[in-house]
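Trainee: Positions in the sequence shown are counted from 1; adding 160 to them yields this note's numbering.
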Amino acid sequence: MLALLASGSSRSSSNNKLAESENAAQNSNNMSWGTELWDQSEYLAIHTNRGIDALDKYANFLRDRVAIETEYAGKLRRLVKNYQPKKKEEEDNEFTSVQAFRNLLKEVGDLAGQREVVSESLQVAVIAGVTLLSKTLREERKKCLSDGANLQQNLTSQLSSLDRAKRNYEKAYRDSEKAVDSYKRADMDLNLSRAEVERYKNVMTSKIQQSDDAKNEYANQLQKTNNLQQQHFNMLLPAVLNRLQELDEKRTRGFREFIVGAADVESSVAPIIARCMEGIVKAGESINEKEDTFKVIERYQSGFTPPRDIPFEDLSKCDPDSVQDSHYSSSTNHLTIKGTMSANKLRKRVGIFNIFGSNKNSLTADGQKEDFSDLPPNQRRKKLQGKIAELSQNIAQETKARDGLMKMKIVYEANSSLGNPMTVEGQLNESEHKLEKLKVDLKKYQDYLEKASQVPVAASSPQASRNQLQNGHRTSRHSNGSADDHHDDGDDQPDDAGSLSSSASPESGLGTSHTSLPGSGQGSANENAIGDETYYETEVETLNPLGTCRALYPFEASSEGSIPMSEGEELQVIEIDQGDGWTRVRRANNSNGWDEGFVPTSYIECTLYA
161 MLALLASGSS RSSSNNKLAE SENAAQNSNN MSWGTELWDQ SEYLAIHTNR GIDALDKYAN
221 FLRDRVAIET EYAGKLRRLV KNYQPKKKEE EDNEFTSVQA FRNLLKEVGD LAGQREVVSE
281 SLQVAVIAGV TLLSKTLREE RKKCLSDGAN LQQNLTSQLS SLDRAKRNYE KAYRDSEKAV
341 DSYKRADMDL NLSRAEVERY KNVMTSKIQQ SDDAKNEYAN QLQKTNNLQQ QHFNMLLPAV
401 LNRLQELDEK RTRGFREFIV GAADVESSVA PIIARCMEGI VKAGESINEK EDTFKVIERY
461 QSGFTPPRDI PFEDLSKCDP DSVQDSHYSS STNHLTIKGT MSANKLRKRV GIFNIFGSNK
521 NSLTADGQKE DFSDLPPNQR RKKLQGKIAE LSQNIAQETK ARDGLMKMKI VYEANSSLGN
581 PMTVEGQLNE SEHKLEKLKV DLKKYQDYLE KASQVPVAAS SPQASRNQLQ NGHRTSRHSN
641 GSADDHHDDG DDQPDDAGSL SSSASPESGL GTSHTSLPGS GQGSANENAI GDETYYETEV
701 ETLNPLGTCR ALYPFEASSE GSIPMSEGEE LQVIEIDQGD GWTRVRRANN SNGWDEGFVP
761 TSYIECTLYA
C-alpha cells in the first residue's frame with residue numbers, strides 16, 4: 161500500500177514538473193524582447209555582440225581541435241611507420257607475438273585514419289557552418305542596430321521639434337501677457353493720447369495672435385510626437401528588438417546544432433574505433449606462448465643430441481706429451497666454439513696441394529650454401545621446404561602471366577585491329593624462359609630435399625661423436641704427424657678438439673692444421689702468412705694414419721676437397737677435426753692408390769690408435 165502511495169505521489173510530482181515546464185515554455189513563447197525589454201536596447205546590443213563572440217570562440221576551439229586531431233593522426237601514422245618490421249626481421253613473422261604486434265600496428269593505423277576523418281568532418285561540416293553563421297549574424301545585427309538607431313534618431317528629432325515648439329509657445333505666451341498688461345496700463349493712463357493707447361492695443365493683439373499660433377504649433381508638434389512615440393515604442397522598436405531576439409535565438413539554436421553535430425561526427429567513427437580496439441584485443445589474445453616456443457624449437461633444432469660426460473683423465477698414467485696434447489685440444493675446442501658462434505668472421509682455409517682453392521657450391525645472399533648443406537639436418541630440410549614452396553608460388557604466378565599473354569596473343573591474331581600479335585611474342589618467350597628456369601630450380605631443390613630426407617638425423621653432435629670412441633683410446637699427435645699410444649684402462653677419453661657444428665666446409669679454415677704438417681711444430685698462426693689468410697706448406701710425403709673411422713651416414717661430396725662415402729664404410733683418419741667440423745680421411749682405390757679428402761665429423765665414428 162505504501163509502495164502504491166509512493167508511486168502515485170512520484171507520478172503526480174513528475175506530472176506537475178511537466179506541466180510547469182510546458183507553462184514556462186508557453187510563457188516564454190508569449191514573451192518577447194520588444195515588449196519586455198523595450199527600454200534595454202543598449203544592453204540587448206551588448207548581449208547579442210557577446211553571443212556572436214561566443215560563437216566565434218567555439219569556432220576557434222574547433223579549429224584548434226582539428227589541428228590537434230590532424231597532428232595526432234599524423235604522429236600515429238609516423239609511429240606506425242617507424243615500428244613497421246624491417247626486412248631483416250621478416251623471418252620472425254611466424255611467431256604469434258610478432259604477428260600480433262603487426263596486427264596492432266595495422267589497427268593503430270586505422271585509428272589514425274579515423275582521427276583524420278574526424279578532423280576533416282569537423283572542418284567541412286561544423287567549422288564552415290559556424291563561420292558562415294557568425295558572418296550572417298553579424299551582418300543582420302548590424303542592420304538591426306542601424307534600423308534601431310534611425311528610429312531613435314527620428315524620435316529624438318521629433319522630441320527636439322516638440323521642445324522648440326513648446327519654448328516658442330512659452331515665449332509667445334509671456335510676450336502676450338506682457339502686451340496685455342502694457343495695454344491695460346496705457347488704457348488707464350490719462351496722460352497718454354488716444355493714438356498711443358491704440359498702438360498698445362495693436363501690439364497686444366499681435367502678441368496674442370503670435371501666442372495662439374505658437375500654441376497651435378506646440379499642440380501640433382505634441383500630437384505628432386505622441387503619435388510617433390506611440391508608434392516607436394509599440395511597433396517600430398519592438399520589431400527591431402524582435403529581430404534581434406530572432407537573431408540571438410538563431411545563434412543559440414545554431415550553437416546547439418553545431419555542438420550536437422560535432423558530437424555526431426565523433427560518434428560516427430566510434431563503431432569503427434571500437435572495432436579497432438576489438439582488433440587490438442584480438443591480436444593480443446592471439447599470442448600463444450606455447451606455439452612460439454614450438455616455433456623456436458622448430459627453427460633452431462639441429463637434430464643433434466648433447467655430448468656425453470667428459471671422462472676423467474688420469475695424468476699418472478699418461479706421459480707429458482698427453483698433457484701437452486690435452487692443452488692443445490682445449491685450445492682447439494675453444495676455437496671451434498668461437499668459430500661456430502661467429503661464422504661470418506671465418507677466413508678461407510688454404511688446404512694441402514691447394515685443393516681447396518674454389519667452391520663449386522655457390523652461396524646465397526645471406527652467406528649460406530645453395531643446398532643449405534652447411535646447416536644441421538632439421539634446419540636444412542626446413543630451408544629446402546621453404547625454398548620449394550617459394551619456387552612453387554613463383555611458378556604458379558608465372559604460369560598465370562604466361563596464360564594471360566597467350567590469350568592476348570590469340571585475341572590479337574583473331575582481330576588485328578586490337579593489336580599486333582608480334583608485340584606479345586617477345587614477352588611470351590621471356591615468360592616461357594623464366595618459367596623453364598623456375599622449374600629447373602624447383603627440380604634441383606626437390607632433389608636436394610630428397611637427399612636430405614634420406615639422411616637420418618644424427619644421433620649426437622660432432623663433439624659427442626668425437627667422445628664416443630669404440631675402444632676408449634685417445635691419441636696424442638706430435639707435430640711431426642706421428643701418434644703416441646695411450647690407453648686408460650678402457651675409460652672413454654674425449655678428444656677436446658671436437659667440433660660443435662658441421663656448418664663449416666673444408667674451405668672455411670677454422671683450424672690451423674698443425675697436426676697434419678710434419679715439422680710445423682706449435683708455431684704461431686702468423687707464420688708463413690700472406691695478407692690476411694694463413695698459408696700452409698705443401699705436404700709431399702704420405703701422412704701416417706691416426707686411426708680409423710666408420711661412416712654413420714652416406715655423404716655426397718658437394719664441395720671441392722671433400723670425398724663421398726657410403727654408410728658403414730671404413731676409412732683411415734689422417735687428420736683430426738681442427739674445429740671446423742671436418743675430418744680428413746683416406747681410403748684405398750681400385751688403382752692401388754689412395755683417395756684423400758674431408759668428410760663431416762658428425763657423419764663418422766672415429767677410433768683413434770692407442
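All residues carry an ideal CB built from backbone N, CA and C; glycine is no exception.
Compare the Cα-Cα distances from residue 410 to each of 290, 243 and 330 and report the closest residue.
Mentor: On the sequence shown, residue 410 is found 250 positions in, with the first residue counted as 1. Closest option to residue 410, Cα to Cα, is 290.
Trainee: Using the Cα positions of residue 734 and residue 529, report the straight-line distance between them to the nearest angstrom.
Mentor: As a position in the sequence shown, residue 734 is number 574, starting the count at 1. As a position in the sequence shown, residue 529 is number 369, starting the count at 1. Computed Cα separation, rounded: 27 angstroms.
Trainee: Give me the DSSP bridge partner(s) of residue 709.
Mentor: Taking the first residue of the sequence shown as 1, we reach residue 709 at position 549. Partner(s): 731 and 766.
Trainee: For residue 765 and residue 743, what's the separation of their Cα atoms in angstroms?
Mentor: As a working note, residue 765 is residue 605 in the sequence shown. As a working note, residue 743 is residue 583 in the sequence shown. Spanning the two alpha carbons is a distance of roughly 11 angstroms.
Trainee: Going by alpha carbons, who is nearest to residue 715 out of 267, 193 and 723?
Mentor: Position 555 of the sequence shown, counting from 1, holds the residue named residue 715. The shortest C-alpha separation from residue 715 is found at 723.
Trainee: When the Cα of residue 449 is compared with those of 191, 725, 254 and 228, which residue comes out closest?
Mentor: Position 289 of the sequence shown, counted from the start, is the residue given in the question as residue 449. Nearest of 191, 725, 254 and 228 to residue 449, Cα basis: 254.
Trainee: Rounded to whole angstroms, what's the CA-CA distance from residue 550 to residue 446? Just pull it up for me.
Mentor: Mapped onto the sequence shown, residue 550 falls at position 390. Mapped onto the sequence shown, residue 446 falls at position 286. Roughly 26 angstroms separates the two Cα atoms.
Trainee: Do the CB positions of residue 319 and residue 215 come within less than 8 angstroms of each other?
Mentor: Walking along the sequence shown from the start, residue 319 turns up at place 159. Walking along the sequence shown from the start, residue 215 turns up at place 55. Contact flag unset, no.
Trainee: Quick one: residues in its chain with C-beta nearer than 7 angstroms to the C-beta of residue 732, no 5 flanking neighbours on either side, listed in chain order?
Mentor: What you label residue 732 is simply residue 572 of the sequence shown in a count that begins at 1. So the qualifying residues of the chain are 705, 708, 745, 746 and 747.
Trainee: Heavy atom of the ligand NAP less than 7 angstroms from the Cβ of residue 559, yes or no?
Mentor: Among the components modelled here there is no ligand, and therefore nothing to report on the ligand NAP.
Trainee: Under the assumption that residue 535 contacts residue 547 (Cβ atoms under 8 angstroms), give the Cβ distance between them as a whole number of angstroms.
Mentor: Looking up residue 535 in the sequence shown gives position 375. Looking up residue 547 in the sequence shown gives position 387. Incorrect: roughly 12 angstroms between the Cβ atoms, too far for contact.
Trainee: Less than 6 angstroms between C-beta atoms, sequence neighbours within five positions excluded: which residues of the same chain meet that for residue 252?
Mentor: Position 92 of the sequence shown holds residue 252. Excluding positions up to five away in sequence, the list reads 258.
Trainee: Taking the alpha helix (DSSP H) that residue 761 falls in, what are its first and last residues?
Mentor: Taking the first residue of the sequence shown as 1, we reach residue 761 at position 601. That residue, residue 761, is in no alpha helix (DSSP H); it is neither H nor E in DSSP.
Trainee: Using DSSP bridges, identify the partner residues of residue 418.
Mentor: Residue mapping note: residue 418 aligns to position 258 of the sequence shown, counting from 1. Paired residue(s): none; residue 418 is not in a bridge.
Trainee: Give me the Cα-Cα distance between residue 570 and residue 558, rounded to the nearest whole angstrom.
Mentor: In the sequence shown, the residue the question calls residue 570 occupies position 410. In the sequence shown, the residue the question calls residue 558 occupies position 398. C-alpha separation (whole angstroms): 18 angstroms.
Trainee: Ordered along the chain, which non-local residues of its own chain (more than five positions away) have a Cβ less than 6 angstroms from that of residue 663?
Mentor: If you number the sequence shown from 1, residue 663 lands on position 503. Any reading at residue 663 needs caution, since the residue's pLDDT is 39, under 50, leaving its predicted position unreliable; the model's value is listed next. Excluding residues within five positions, the ones whose Cβ falls inside 6 angstroms are 534.
Trainee: Are the beta-carbon atoms belonging to residue 136 and residue 283 less than 8 angstroms from one another?
Mentor: Since the displayed the chain opens at 161 and closes at 770, residue 136 lies outside it and no answer follows.
Trainee: Thinking C-beta only, is residue 286 closer than 8 angstroms to residue 418?
Mentor: Taking the sequence shown and counting its residues from 1, one reaches residue 418 at position 258. Taking the sequence shown and counting its residues from 1, one reaches residue 286 at position 126. Cβ distance < 8 angstroms, so residue 418 and residue 286 count as in contact.
Trainee: Quick one: grab the DSSP three-state call for residue 472.
Mentor: For the purposes of this step, residue 472 is taken as the residue at position 312 of the sequence shown. Looking at residue 472 - three-state DSSP - the assignment turns out to be coil, as it is neither helix nor strand.
Trainee: What residue range does the beta strand (DSSP E) around residue 742 cover?
Mentor: Numbered from 1 along the sequence shown, position 582 holds the residue referred to as residue 742. Run containing residue 742: 742-748, per the beta strand (DSSP E) assignment.
Trainee: Output the residue ranges of the alpha helix (DSSP H) runs that lie fully inside the stretch 354-408 and measure 4 residues or longer, sorted by chain position.
Mentor: Runs found: 354-391.
Trainee: DSSP three-state label for residue 756, please.
Mentor: Here residue 756 corresponds to residue number 596 of the sequence shown, with the count starting at 1. Of the three classes helix, strand and coil, the one that applies to residue 756 here is strand, per DSSP.
Trainee: Excluding the five sequence neighbours on either side, which residues of its own chain have a C-beta within less than 6 angstroms of the C-beta of residue 609, listed in chain order?
Mentor: Counting from 1 along the sequence shown, the entry for residue 609 is found at position 449. These residues qualify, in order along the chain: 544.
Trainee: Based on DSSP bridge pairs, tell me the residues matched to residue 715.
Mentor: Locating residue 715 in the sequence shown gives position 555, where the first residue counts as 1. Answer is 725.
Trainee: Jot down the residue ranges of each uninterrupted alpha helix (DSSP H) in the stretch 235-291, minimum 4 residues, whole runs only, in chain order.
Mentor: Taking only runs of at least 4 residues, the alpha helix (DSSP H) segments lying wholly in the stretch 235-291 are 256-281.
Trainee: Tell me where the alpha helix (DSSP H) around residue 566 begins and ends.
Mentor: Your numbering for residue 566 matches position 406 in the sequence shown. 537-574 is the span of the alpha helix (DSSP H), which, as asked, contains residue 566.
Trainee: What are the boundary residues of the alpha helix (DSSP H) that residue 581 is part of?
Mentor: Reading the sequence shown from its first residue, position 421 is the one you call residue 581. Residues 581-614.
Trainee: Please give the ranges of any alpha helix (DSSP H) in the stretch 425-472, keeping only runs that are unbroken, at least 4 residues long and fully inside the region.
Mentor: The stretch 425-472 contains these whole alpha helix (DSSP H) runs: 449-460.
Trainee: Residues in the same chain with beta-carbon distance under 7 angstroms from residue 421, minus the five sequence neighbours each way, listed in chain order, please.
Mentor: Here residue 421 refers to the residue found at position 261 when the sequence shown is read from its first residue. Result list for residue 421: 285 and 286, in chain order.
Trainee: Are residue 243 and residue 265 close, meaning C-beta to C-beta below 8 angstroms?
Mentor: For the purposes of this step, residue 243 is identified with residue 83 of the sequence shown, where counting begins at 1. For the purposes of this step, residue 265 is identified with residue 105 of the sequence shown, where counting begins at 1. Yes, Cβ-Cβ distance for residue 243 and residue 265 is below 8 angstroms.
Trainee: Using alpha carbons as the reference points, say which of 718, 370 and 454 lies closest to residue 757.
Mentor: For this step, residue 757 is matched to residue 597 along the sequence shown. When only C-alpha atoms are compared, the closest one is 718.
Trainee: Is the stretch 392-404 touching the stretch 195-202 in the sense that three or more CB pairs, one from each, lie closer than 8 angstroms?
Mentor: Segments in contact, yes.
Trainee: Going by CA-CA distance only, name the one from 403, 327 and 353 that's closest to residue 371.
Mentor: Sequence index remark: in the sequence shown, residue 371 carries index 211 (1-based). Considering only alpha carbons, the answer is 327.
Trainee: State the start and end residues of the unbroken alpha helix (DSSP H) segment that holds residue 196.
Mentor: Stepping through the sequence shown from its first residue, residue 196 is reached at position 36. Residue 196 -> alpha helix (DSSP H) spans 193-196.
Trainee: Identify, in the order they occur along the chain, each residue of the same chain with its Cβ nearer than 7 angstroms to the Cβ of residue 598, setting aside the five sequence neighbours on each side.
Mentor: As a first step, residue 598 must be located in the sequence shown, where it is residue number 438. Taken in chain order, the residues that qualify are 551, 554, 555 and 558.
Trainee: Would a C-beta distance cut-off of 8 angstroms place residue 194 and residue 398 closer than the cut-off?
Mentor: Indexing the sequence shown from 1 puts residue 194 at position 34. Indexing the sequence shown from 1 puts residue 398 at position 238. Yes. Within cutoff.
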